[in-house]
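Visitor: Chains as they are written, first to last, in this note's numbering: chain A, 1 to 523; chain B, 1001 to 1312. Sharing a structure below in structure tokens format, with a few things to ask.
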């Protein structure tokens, strides 16, 4: 394949953005500034190095690497995301956004192009800093694998923040609003980092302490995988925000939700076989997280706009979609129903594992696992609150067709960004506990811990019953929607079969759709 | 009758409690130019944005080449070229790069893309300015560039929102010729403008809206005939005015003859052939006509007679 053909196939937005970036004053000045700072930092570290102290000399490579890594972190976590945010926001401010939307590019391509260009910018910063990193590698004591993993993780985090910046820009109607949202997101990420470190410590304690390379790699792998799904999810949200009647956007959110659900379902299976130390504890924590994430994922599917419904009615009347696809992608209960099934599976899976483990241990040692602790009631209440907050209550509010539009929009925004708010809340709780000097987050106030404690505190048959009930709470609104959807699908198909005209996609009756929309308030 | 390229059906758009567009319907056939006129805030841009898939109606639908823009937005985007009232500019980008970006975006590859860019640049006379940066362009050049971008994917339907605003008289004439040339290629054009004299010379039909409501729509000639029951002829002769008056009053199809300072104003009910016969008769009678004008109601008068100047 010739070079020109390859360039031809590149994302047009990526080509445009890179062209603009390398010519733009802001990129050039920030690039020069980063090089200058890296030079100053390297000089300062090397000039302050006491070469006569063997201990300091032995760690000189690591010291220089961490100093330079801080510079790269600043580029990856602040400069690049802010540039990505401004690039997207300026499309609105410069009035080029409309032209972009109707240009023939799909919303997904637009967001992807913007994001990839942020990746290219990040890569340019990394390449610029490579000679400095090479200097650190020539000194003593630098663990190259650790340096590589930390740089990779910074890149992942930077890419996630860039996508978050793009999402903030799509949500804001002006550059100022986009910048404000970006600041909120960055602050939330700061809190989440704190929480992630605390969670990491706890997980490591569960594994038996830091220092085992296998465990370190497992954790990094887990974080990278979750980053990947976070990216997918953020991309879907950004696309949904800029889509005309969300025709593609919400479909991508659905795929993201399903992939995430599958990941959550499959990850414990893999991890239990890899991690030999306290697998049950880890499994239960993942299971608890899985339930929460699924709860959060369910809700956006129930709060979609009218535009998507109009389109789906056309598709249905035109007979273009087969029934399974309709179930999966029709707004409302379809995907939520599927998520409910996954939810049931991931509730049942640990139970099966528990029973298997328990019987194996019983046969080997003559006693069951220690799952009979006494602090279950607080955990029960917290868990109930979390699951209700994540699924039932927002879904119930969102389903109120009589609610004013601003309230529905505000709720939708809140729900779409709910993972961030949960993380912020957890960050605050963790911080408070750290400040109090307890030094622990194994508290009933931490929902993850509470859920896990609840697993451990309730006797086996009750545990199964309890978790099925909890899953049921999340599932009730979904099932109601699914039932309504089923009725609607059947009605529209019958309507299509009776009348020849609506079956023709060219003349699918928009008036009928609009009329039925008027008749039936949005769920 | 051929299928309309654009059909607006009972379109309404509400923003909260405010109704910007209310039950608007009209259609545009291939090869026709339709003017979309109305006072400021009448709902023209809102309607055009919905047609261009940039907004959603609260009720009603828009069909482009027979398919709903709600159900098939991608299909509509392939067929529509939307030109907004102002061109959004990209920093540090030349005209060629700008056109190259949108050509890539519309799926043009390799040699086809290069040829298409050259073709639209030639049509809009931008060929010699391809290396110029976008932010250094004059208003007229910006409008040409905007049109070039709109034409890149060879759309069958052009929706032009105030394309002539801010242009000098020469640029307006040139722009009008470009639009006429596009219609001659079989493209349908919906064009909004405040400069009604511009539209009257270009448009086959008009849609008049005010306060979000459709006031009138139809072919210009039909609207003109609806408004004026009789043709008005203006005549100046060098012969004795009394003789002219008498001679005119005796002619067929003449209803009434009036005189102002210089002209005779004749109310006439005949056809175009009858008007030609009348002129020939005046010459034959040696009334020495030196000025003969057939006054038709122009768009400005149509607009003023249909609208009340209400603002939303």
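Here a beta-carbon is modelled for each residue, glycine too, at the ideal position from N, C-alpha and C. From a predicted model like this one, the values you see are computed outputs, not experimental measurements.
#1: Are there 16 or more other CB atoms within 10 angstroms of the CB of residue 115 (chain A), so buried, or fewer, so exposed?
#2: Chain B beta carbons: is any one of them nearer than 7 Å to that of residue 12 (chain A)?
#3: Quick one, are the C-beta atoms of residue 1289 (chain B) and residue 1278 (chain B) less than 7 Å apart?
#4: Determine the extent of the beta strand (DSSP E) in which residue 1236 (chain B) is found, giving its start and end residues.
#5: Please confirm if residue 1109 (chain B) has its CB atom under 7 Å from at least one CB of chain A.
#6: Curious, which full-length alpha helix (DSSP H) runs of at least 4 residues does the region 1161-1201 of chain B contain?
#7: Taking its Cβ as the centre, do 16 or more other Cβ atoms sit within 10 Å of residue 14 (chain A), making it buried, or is it exposed?
#8: So residue 1147 (chain B) is in the beta strand (DSSP E); what residue range does that whole segment cover?
#9: Since residue 52 (chain A) meets chain B, which of its residues come closer than 8 Å, beta carbon to beta carbon?
#10: Looking at chain A, is there any beta carbon in it that lies within less than 7 Å of the beta carbon of residue 1026 (chain B)?
#11: Near residue 1296 (chain B), which residues of its chain fall below 7 Å by C-beta distance, leaving aside the five closest residues on each side in sequence?
#12: Cβ closer than 7 Å: which chain A residues qualify as neighbours of residue 1029 (chain B)?
#13: Measure how close the beta-carbons of residue 165 (chain A) and residue 84 (chain A) come, nearest whole angstrom, since I'm counting them as under 8 Å.
#14: Indicate whether residue 67 (chain A) and residue 140 (chain A) have their beta-carbon atoms separated by less than 7 Å.
#15: Residues of chain A with CB closer than 9 Å to the CB of residue 1153 (chain B), please, in chain order.
#16: Identify which residue in B:1145, B:1023, B:1097 and B:1058 has its Cα closest to the Cα of residue 17 (chain A).
#17: Where does residue 28 (chain A) land, buried or exposed, given buried means 16+ other C-beta within 10 angstroms?
#18: Given a threshold of 16 other Cβ atoms within 10 Å of its Cβ, counted over all protein chains shown, does residue 1294 (chain B) qualify as buried or as exposed?
#19: Taking only beta carbons into account, state which residues of the region 16-28 of chain A come closer than 7 Å to chain B, listed in chain order.
#20: Can you pull the chain A neighbours of residue 1092 (chain B), defined as C-beta to C-beta under 7 Å?
#21: Residues in the region 96-128 of chain A with C-beta within 7 Å of chain B's C-beta atoms, listed in sequence order?
#22: Considering residue 1072 (chain B), what are the terminal residues of the beta strand (DSSP E) in which it resides?
#23: I think residue 99 (chain A) touches residue 1110 (chain B), with their Cβ atoms under 8 Å apart; what is that distance to the nearest whole Å?
#24: For a test of the three-state rule: what should DSSP assign to residue 102 (chain A), helix, strand or coil?
#25: Just the Cα atoms here: how many angstroms apart are residue 1178 (chain B) and residue 106 (chain A)?
#26: Who does residue 116 (chain A) pair with in a DSSP beta bridge?
#27: Kindly indicate if chain B contains any beta-carbon less than 7 Å away from that of residue 8 (chain A).
#28: Could you have a look at residue 1219 (chain B) and say whether DSSP puts it in helix, strand or coil?
#29: DSSP three-state call for residue 207 (chain A): helix, strand or coil?
#30: Do we get a CB-CB distance below 7 Å when we pair residue 94 (chain A) with the residues of chain B?
#31: Going by C-alpha distance, which of B:1048, B:1256 and B:1242 is nearest residue 1160 (chain B)?
#32: Put residue 1128 (chain B) into one of helix, strand or coil per three-state DSSP.
#33: I need the boundaries of the alpha helix (DSSP H) containing residue 22 (chain A), first residue and last residue.
#34: Assuming residue 1162 (chain B) and residue 1200 (chain B) form a contact by the criterion Cβ under 8 Å, report the distance between their Cβ atoms to the nearest whole angstrom.
#35: If we define contact as Cβ-Cβ less than 7 Å, is residue 1077 (chain B) a contact residue for chain A?
#36: Could you list which residues in chain A have their beta carbon closer than 9 Å to that of residue 1142 (chain B), in chain order?
Guide: Judging by the given coordinates:
#1: buried
#2: yes
#3: no
#4: 1231-1237
#5: yes
#6: 1169-1184
#7: buried
#8: Counting along the chain, residue 1147 (chain B) falls outside any beta strand (DSSP E), though it belongs to the alpha helix (DSSP H) covering 1139-1151.
#9: What residue 52 (chain A) touches in chain B: nothing, since even the nearest Cβ is about 52 Å away.
#10: no
#11: 1224
#12: Correct list: empty, because the minimum Cβ distance to chain A is about 17 Å.
#13: 4 Å
#14: no
#15: 103 and 104
#16: B:1097
#17: exposed
#18: exposed
#19: 16, 19, 20, 23 and 24
#20: 20, 23 and 24
#21: 96, 98, 99, 101, 102, 103, 104 and 105
#22: Where residue 1072 (chain B) is concerned, there is no enclosing beta strand (DSSP E), given that its DSSP letter is neither H nor E.
#23: Not quite, the Cβ-Cβ distance comes to about 23 Å (not below 8 Å), so this is no contact.
#24: coil
#25: 30 Å
#26: Residue 116 (chain A) is not bridged to any residue.
#27: yes
#28: strand
#29: With a pLDDT of 44 at residue 207 (chain A), under the threshold of 50, the modelled position of that residue is not reliable, and the figure given next carries that caveat. Here residue 207 (chain A) sits in helix by DSSP.
#30: yes
#31: B:1048
#32: helix
#33: 12-23
#34: Between residue 1200 (chain B) and residue 1162 (chain B) the Cβ distance is about 16 Å, and since that is not below 8 Å, they are no contact.
#35: yes
#36: None at all; the shortest Cβ gap to chain A is about 12 Å.
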